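Notes follow the structure.
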Amino acid sequence: MVNKVSNVGHIPKRTCVICKKKDAKSNLVRFLIKNGIIVFDYKHRMQGRGYYCCQTSNCISKLDKWIKKRKKKFY
Ligand SMILES: [Zn+2]
6 MVNKVSNVGH IPKRTCVICK KKDAKSNLVR FLIKNGIIVF DYKHRMQGRG YYCCQTSNCI
66 SKLDKWIKKR KKKFY
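Using my numbering, you'd call the opening residue of the sequence shown number 6 and step up by one each time.
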């Protein structure tokens, strides 16, 4: 899939699943959940439902809890 950015000036915003802060896509880390396990998608190329999280240790360290709370839904 080729992702060409034609609309210069527009920064796509995504919301961190932990702190709900909105930030530019490039400032957040994308991840997918496969079989209840977090798979980080650093290159933003994986297919499937992606989630976004801040690149701060504060938010990333809370991802584990976030997943456990939601695990039932993912199975
Ligand atoms: Zn966050």
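For each residue, glycine too, the CB sits at the ideal point set by N, CA and C. What you are looking at is a predicted structure, and each value in this text was computed from that prediction instead of being measured.
Quick one: what's got a C-beta closer than 6 Å to residue i's C-beta in the same chain, skipping five residues either side?
i, result
"I16", "A29"
"H49", "R35"
Once the 5 residues before and after residue i are set aside, which same chain residues still bring their CB inside 8 Å of it?
i, result
"K67", "I23"
Based on Cα-Cα distance, which residue from the options lies nearest to residue i?
i, options, result
"T20", "C64, D69, I72 and K76", "C64"
"K27", "D69, G41 and Y57", "Y57"
"R75", "S62, G55, G53 and G41", "G41"
Output the boundary residues of the beta strand (DSSP E) element that contains residue i.
i, result
"D28", "K27 to A29"
"V44", "I42 to F45"
"I38", "L33 to K39"
Between which residues of its own chain and residue i is the CB-CB distance below 7 Å, once the five residues before and five after are set aside?
i, result
"F45", "V34 and F36"
"S62", "none"
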